[in-house]
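In this note's numbering, the protein residues as written are 1 to 285.
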């Protein structure tokens, strides 16, 4: 079930957006969630490759609430790592395992030690100050929080008309398959409780990992919130995103996940209802 809620009495971090409607997706019937402790530790995962001219600005904006910053380096040939360590001597640099953004993020997730994991890009297109909005919802009973450029209060100063149409098409396909009402699918500003990492079972190696995370979260019955986010143009350099190629990968990811879910459900029906959906998929640990 999807509802909209106005959080005018939220934390101070949300006061400036008290009139903004956030989209909240309740889990499957019977699911209960415990409220997170505000004292939970937070790991920020940032995949990076040749972003020496951008990473310093990003790191300077990181809120104090972050306990651990993990930089996943994809074999940068410029001064990215040197710049990052100069700005944040406490940063944890990890070498990316395998090609692609998905591989980088999965490497970072495996290296994170915080109770909560936040992921964002290194090019300056996402505002680190927005992280506090994500944490607010995780601290108030939600399991997975997504940034959205296409809901009230959000926006994009970077997306082309072609990419926008592609995003709408993929989103409509996703919503029709899963009977959801999400407003953004292909945006990599997300946060979730680390205890659900194994449940998400991420396999993607490229940009499609952003859609895969949402698919897995919906399939698992996690409680999802969307928060408005402003996407800015990358500060310098050029993106490696290929709208057509990556769009096809997202489409395949969404469709295969739905197909595999159907096969799994059919097999469980033959074996017996007790094996269809393990309880751990719907209850917080």
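Built from N, CA and C at the ideal position, the CB exists for glycine as well.
Those residues which DSSP pairs with residue i across a bridge
i	result
residue 95	73
residue 230	155
residue 193	116
residue 68	43
Segment limits, alpha helix (DSSP H) that includes residue i
i	result
residue 310	Here the chain has residues from 1 to 285 only, and residue 310 is not among them.
residue 86	80–87
residue 162	161–178
Where residue i falls: helix, strand or coil (DSSP)
i	result
residue 222	coil
residue 148	strand
residue 202	coil
residue 52	coil
residue 260	helix
residue 143	coil
residue 247	helix
residue 208	coil
residue 216	helix
residue 236	coil
residue 275	The predicted model places residue 275 with a pLDDT of 34, which falls under 50 and marks its position as unreliable; any figure quoted below should be read in that light. Residue 275 falls in the helix class under three-state DSSP.
residue 32	A caution first: residue 32 carries a pLDDT of 49, below 50, which makes its placement in the model unreliable, though a value can still be read off. Correct three-state label for residue 32: strand.
residue 21	Annotation note: pLDDT 49 at residue 21 (below 50); position unreliable, no value reported.
residue 57	helix
Cβ separation of residue i and residue j, assumed to be a contact under 8 Å, to the nearest whole Å
i	j	result
residue 149	residue 184	6 Å
residue 112	residue 194	6 Å
residue 45	residue 70	5 Å
residue 204	residue 212	4 Å
residue 51	residue 157	With a Cβ gap of about 19 Å, residue 51 and residue 157 do not count as contacting.
residue 182	residue 173	That belief does not hold up - the Cβ atoms of residue 182 and residue 173 are roughly 11 Å apart, past 8 Å.
residue 102	residue 206	5 Å
Residue span of the beta strand (DSSP E) that contains residue i, given as start and end
i	result
residue 46	42–48
At 3 residues or longer, what runs of the beta strand (DSSP E) sit wholly inside the region 100–141? Here the runs fully enclosed are 116–119.
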